[in-house]
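Asks: Numbering (this note's numbering), first residue to last: 3 to 241. Beta carbons are placed, not taken as given, at the ideal position from N, Cα and C, and that holds for glycine. From a predicted model like this one, the values you see are computed outputs, not experimental measurements.
1. Using the C-alpha atoms, what's the distance from residue 144 back to residue 234?
2. In angstroms, rounded to a whole number, what distance separates the CA positions of residue 192 and residue 76?
3. Would you mind sorting residue 231 into buried or exposed? The rule is 16 or more other CB atoms within 10 Å of its CB.
4. Return the first residue and the last residue of the alpha helix (DSSP H) that residue 102 is part of.
5. Hey, is the stretch 185-204 in contact with the stretch 104-114, meaning 3+ C-beta pairs nearer than 8 Å?
6. Between 225, 133, 32 and 124, which has its C-alpha nearest residue 58's C-alpha?
7. Classify residue 74: buried if its beta carbon has 16 or more other beta carbons within 10 angstroms, exposed otherwise.
8. If you draw a straight line from the C-alpha of residue 244 to the C-alpha of residue 71, how long is it?
9. To the nearest angstrom, how far is it from the Cα of residue 41 to the Cα of residue 164?
10. Measure from the alpha carbon of residue 68 to the alpha carbon of each residue in 54, 178, 195 and 34, then state which is nearest.
11. Beta-carbon separation of residue 198 and residue 209 under 7 Å?
12. If contacts are defined as beta-carbon pairs under 8 Å, then residue 122 and residue 51 qualify, I think. What distance do you get, rounded to the angstrom?
13. Within a Cβ cutoff of 8 Å, which residues of the same chain sit near residue 60, ignoring the five residues on either side of it in sequence?
14. Give the single residue among 83, 141, 115 and 133 whose Cα lies nearest to the Cα of residue 182.
15. Alpha carbon to alpha carbon, what distance is there between residue 195 and residue 213?
16. What are the boundary residues of the beta strand (DSSP E) that residue 237 is part of?
17. Run through the stretch 60-135 for me and flag every whole beta strand (DSSP E) of 3 or more residues, listed as ranges in chain order.
18. Taking residue 127 as the reference, give the member of 87, 160 and 223 with the closest Cα.
19. Kindly give me the distance between the Cβ atoms of residue 162 and residue 148, rounded to whole angstroms, as I take these residues to be in contact under 8 Å.
20. Taking only runs that begin and end inside the stretch 158-235, name each unbroken alpha helix (DSSP H) of 4 or more residues, in chain order.
21. Quick check: the Cα distance between residue 1 and residue 124, rounded to an integer number of angstroms?
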């Protein structure tokens, strides 16, 4: 009689890919989506470095829909204008659909960075009105500081103000700083989805989150220890 070599697991673990991380020797996979919207080299290096430190598995930059579909975590970066990034992302066809299904249907942890975060909103108003992913109840509009001496874009280091506790912010507090380069920000319709903000002639949304999704307006790969800690926390996050 043939021996049963399947390890003792919860019943769904034998047929459901969501349970694969419980299997001995399974390697987690984080996919950084490449949709030709910015140089991803720095982000890739930062994620790979922290994955090595926290046993976070493999990190790949990919435009392959099949890789995104089987990824355990998904990162959506973005540099440029909201409508251009939205068109580039939705124009990928299978890649875009794989991301939507992974996040919406299989609840894969997701991180949006810079314009990747802005795309999580309902609508963007850069140049023209453009539909976003609708994951965060917000609209993206130009930063309008009340202090005329403050220039736009908002560029450089700024201190975070934490609004809501979140696992990706473990070990990070108000006063820790991050590096920003942006002219548009999320204007929140649901303030409970804002996790952190900065002050720049008024409140500027810095971090948003809902369910298994989190968005960072700043570049974590350029934000020294604060950014690297957030990357490490994201790679360990199991919502």
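Replies: Here's the rundown:
1. 31 Å
2. 24 Å
3. buried
4. 96-102
5. no
6. 32
7. buried
8. Outside the displayed span of the chain (3 to 241) sits residue 244, for which this structure offers no information.
9. 29 Å
10. 34
11. yes
12. Residue 122 to residue 51, Cβ: 25 Å. No contact.
13. 29, 30, 31, 32 and 53
14. 115
15. 10 Å
16. Where residue 237 is concerned, there is no enclosing beta strand (DSSP E), although the alpha helix (DSSP H) it sits in stretches over 226-238.
17. 60-64, 75-78, 112-115 and 123-126
18. 87
19. No, residue 162 and residue 148 are not in contact; Cβ-Cβ is about 20 Å, not under 8 Å.
20. none
21. Residue 1 lies beyond the range of the chain shown here (3 to 241); nothing can be said about it.
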